[in-house]
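A.B. asks: For the sequence shown, position 148 matches number 163 in my numbering, and the numbering has no gaps at all. The beta carbon of each residue, even a glycine, is placed where N, CA and C say it ideally should be.
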Amino acid sequence: MSTTTSLLEVTNMLPWIPDDMLPLIFAGLMGFTLLLYGLLDGLDLGVGVLLRRANIDDKHMMIASIGPFWDANETWLVLGIGLLLVAFPSAHGIILGELYIPVLVLLLGLILRGVAFDFRVKARANHQPLWNAAFYLGSLMACLAQGFMLGHFLTNFAHSWMAYGFSAFIGLCFVAGYALLGACWLILKTEGLLRQRAVHWARGALWLTAAGIAAISLATPLVSARMAERWFSLPNLYYLLPIPVVTTALVLMLDRVLASLIGNDNERYSWVPFTGVVTLFCIASGGLAYSLFPYIIIDQMTIWDAASDPEALRVVLLGVMFVLPVILAYTAFSYRVFWGKAEPLLYR
């Protein structure tokens with residue numbers, strides 16, 4: 016049987032999906048996987064960024080809180096970038112071509128984190144500070160690179176000092192956002208003095224995170240008249256007004272909840288900050304997706320312009336329909352198994 020005949024038989028297995036729906040499905044899948052990456056790997060990136068502020072005993076516990084999860088969390092990044100490559104190859108070439116330097120920094124940071132994580136738990140006591148510093152540096156590089164990539168993407172890859180300054184600011188806000196997520200994870204997973212330190216770390220990161228969300232919300236209408244019209248024309252303004260209102264309310268609620276946890280060892284509401292931050296990130300991501308749609312490159316290339324052939328998308332979709340539930344299942348299983356308070360991760 017020829018390869019062409021085999022592909023035709025495979026694509027005939029999904030005849031009920033119209034051709035023009037396939038790019039929409041893949042855009043949704045890519046957005047979903049990148050959001051899950053930001054939430055899941057974001058919490059352990061945040062813990063890595065916070066590692067510099069902790070004493071040696073707290074460092075062990077912080078690493079233990081992400082030990083069972085951190086490596087698998089990066090699977091979502093691989094899946095998201097893979098979907099961009101196979102489903103939107105034209106956009107993939109332009110985006111990664113413009114972002115090759117921050118992508119390189121991101122990869123170097125992730126490699127450094129991986130090496131440091133494995134070595135620090137097996138290194139002798141006098142070598143552990145080196146690997147702790149490496150884990151912190153790798154986490155910081157990854158956070159800054161991701162924020163810079165988003166900022167540069169939102170400025171339509173403009174090459175000006177103002178655009179680079181905006182991208183650098185979003186990079187700093189990403190560090191704060193991931194630190195906020197990591198600190199709220201530590202509130203949920205740890206006890207005692209470390210939990211109290213995590214409360215203070217979360218409060219310190221909250222407002223820079225909010226500033227980053229506000230900066231992106233203000234910048235996108237300035238970059239694109241189309242996005243400005245989508246948000247501020249009537250009656251859209253009335254329909255969309257709950258998004259900034261709820262976002263502001265969530266930030267204020269998080270500040271109040273974190274303030275109430277200072278000096279309070281009651282575990283009853285430990286889940287509230289983490290749930291609140293996850294909700295905040297989901298709302299912010301949803302608002303950004305609404306602004307960008309249907310463009311994958313702002314005002315230049317729609318998802319339909321950039322998409323692969325429908326036959327190729329159907330073949331890939333069959334694979335995704337198998338792979339995605341498996342990744343979701345083992346992710347949910349790992350978090351279920353290791354739920355509860357973290358225990359020291361010490362072995363040789």
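Between the region 181-195 and the region 152-165, can you find at least three pairs of beta-carbon atoms closer than 8 Å?
C.D. replies: Contact holds: three or more Cβ-Cβ distances are below 8 Å.
A.B. asks: Quick check: the region 221-233 against the region 83-98, are at least 3 beta-carbon pairs closer than 8 Å?
C.D. replies: Because the criterion of three Cβ pairs below 8 Å is not met, the region 83-98 and the region 221-233 do not touch.
A.B. asks: Under the rule that 16 or more other beta-carbon atoms within 10 Å means buried, what is Ala-79, buried or exposed?
C.D. replies: On the sequence shown, residue 79 is found 64 positions in, with the first residue counted as 1. When all chains shown are included, Ala-79 counts as buried.
A.B. asks: Taking only runs that begin and end inside the region 154-224, name each unbroken alpha helix (DSSP H) of 4 or more residues, in chain order.
C.D. replies: Within the region 154-224, the complete alpha helix (DSSP H) runs of at least 4 residues are 176-204.
A.B. asks: Using only the alpha-carbon positions, how far apart do Arg-351 and Leu-165 sit?
C.D. replies: As a working note, residue 351 is residue 336 in the sequence shown. As a working note, residue 165 is residue 150 in the sequence shown. Going by the C-alpha atoms only, they are around 32 Å apart.
A.B. asks: In or out: Thr-205 buried (at least 16 other Cβ within 10 Å) or exposed?
C.D. replies: On the sequence shown, residue 205 is found 190 positions in, with the first residue counted as 1. Its Cβ being crowded by 16 or more others within 10 Å, Thr-205 is buried.
A.B. asks: Rounded to a whole number of angstroms, what is the C-alpha to C-alpha distance between Leu-251 and Val-214?
C.D. replies: Here residue 251 is taken as the residue at index 236 of the sequence shown, counted from 1. Here residue 214 is taken as the residue at index 199 of the sequence shown, counted from 1. In the sequence under discussion, the amino acid at residue 251 is Asn, which differs from the Leu named in the question. The straight-line gap from Cα to Cα measures roughly 38 Å.
A.B. asks: Name the DSSP beta bridge partners of Ile-258, please?
C.D. replies: Within the sequence shown, numbered from 1, the residue matching residue 258 stands at position 243. Bridge partners of Ile-258: none, in fact.
A.B. asks: Drop a sphere of 10 angstroms on the beta-carbon of Pro-117, count the other beta-carbons inside from all chains shown, and report buried for 16 or more, exposed for fewer.
C.D. replies: The sequence position of residue 117 within the sequence shown is 102, counting from 1. That one is buried.
A.B. asks: Can you find a heavy atom of the ligand GTP that lies under 7 Å from the Cβ of Leu-50?
C.D. replies: In the structure shown, the ligand GTP is absent, as is every other ligand, since no ligand is present at all.
A.B. asks: Asp-72: buried (16+ other C-beta within 10 angstroms of its C-beta) or exposed?
C.D. replies: Counted from its first residue, the sequence shown places residue 72 at position 57. Answer is exposed; the Cβ neighbour count stays below 16.
A.B. asks: Compare the Cα-Cα distances from Trp-146 to each of Ala-131, Ile-277, Leu-303 and Ser-182 and report the closest residue.
C.D. replies: Counted from its first residue, the sequence shown places residue 146 at position 131. When only C-alpha atoms are compared, the closest one is Ala-131.
A.B. asks: Got a sec? Which residues, its chain only, sit under 8 Å from Ala-322 by beta carbon, not counting five neighbours each side?
C.D. replies: As a first step, residue 322 must be located in the sequence shown, where it is residue number 307. So the qualifying residues of the chain are Leu-37, Pro-38, Phe-41, Ala-102, Phe-103 and Leu-328.
A.B. asks: Measure the alpha-carbon distance for Ala-149 versus Phe-348 and round it to whole angstroms.
C.D. replies: Against the sequence shown, residue 149 aligns to sequence position 134. Against the sequence shown, residue 348 aligns to sequence position 333. Between Ala-149 and Phe-348, the C-alpha separation is close to 30 Å.
A.B. asks: Using a threshold of 8 Å, state whether the C-beta atoms of Leu-195 and Leu-221 are closer than that.
C.D. replies: For the purposes of this step, residue 195 is taken as the residue at position 180 of the sequence shown. For the purposes of this step, residue 221 is taken as the residue at position 206 of the sequence shown. Result yes, Cβ atoms of Leu-195 and Leu-221 sit closer than 8 Å.
A.B. asks: Tell me which residues share the same chain as Val-120 and place their Cβ nearer than 6 Å to its Cβ, disregarding the 5 neighbours each side in the sequence.
C.D. replies: The residue you call residue 120 lines up with position 105 of the sequence shown. Around Val-120: Met-156 and Ala-160.
A.B. asks: Would Gly-302 and Met-268 be called neighbours here (beta carbons separated by less than 8 Å)?
C.D. replies: Reading the sequence shown from its first residue, position 287 is the one you call residue 302. Reading the sequence shown from its first residue, position 253 is the one you call residue 268. No. Outside cutoff.
A.B. asks: Could you check whether Tyr-151 and Val-64 sit closer than 8 Å to each other, using their CB atoms as the reference points?
C.D. replies: The count along the sequence shown starts at 1 and reaches residue 64 at position 49. The count along the sequence shown starts at 1 and reaches residue 151 at position 136. Their beta carbons are under 8 Å apart, which means Val-64 touches Tyr-151 by this criterion.
A.B. asks: Use the C-beta contact count for Met-177: other C-beta atoms within 10 angstroms, 16 or more gives buried, fewer gives exposed.
C.D. replies: Counted from its first residue, the sequence shown places residue 177 at position 162. Classification of Met-177: exposed, given that the 10 Å Cβ count is below 16.
A.B. asks: Compute the beta-carbon to beta-carbon distance between Leu-66 and Met-77, rounded to the nearest angstrom, for a pair I have assumed lies under 8 Å.
C.D. replies: On the sequence shown, position 51 is the one that residue 66 refers to. On the sequence shown, position 62 is the one that residue 77 refers to. That pair is a contact at about 6 Å.
A.B. asks: Here's the rule I'm using: 16 or more other beta-carbon atoms within 10 Å means buried, otherwise exposed. How should Thr-170 be labelled?
C.D. replies: Position 155 of the sequence shown, counted from the first residue, corresponds to residue 170. The residue is buried, with at least 16 neighbouring Cβ atoms inside 10 Å.
A.B. asks: Short of 7 Å in beta carbon distance, which residues of its chain neighbour Phe-172, apart from the five on each side in sequence? Order them along the chain.
C.D. replies: Locating residue 172 in the sequence shown gives position 157, counting from the first residue. The answer, listed in chain order, is Glu-113.
A.B. asks: Give every residue of the same chain whose Cβ lies closer than 7 Å to the Cβ of Leu-98, excluding the five residues on either side of it in the sequence, and list them in chain order.
C.D. replies: Looking up residue 98 in the sequence shown gives position 83. These residues qualify, in order along the chain: Phe-41, Leu-44, Met-45 and Thr-48.
A.B. asks: Tell me the residue span of the beta strand (DSSP E) that contains Tyr-310.
C.D. replies: Taking the sequence shown and counting its residues from 1, the one referred to as residue 310 is at position 295. Per DSSP, Tyr-310 belongs to the beta strand (DSSP E) from 310-312.
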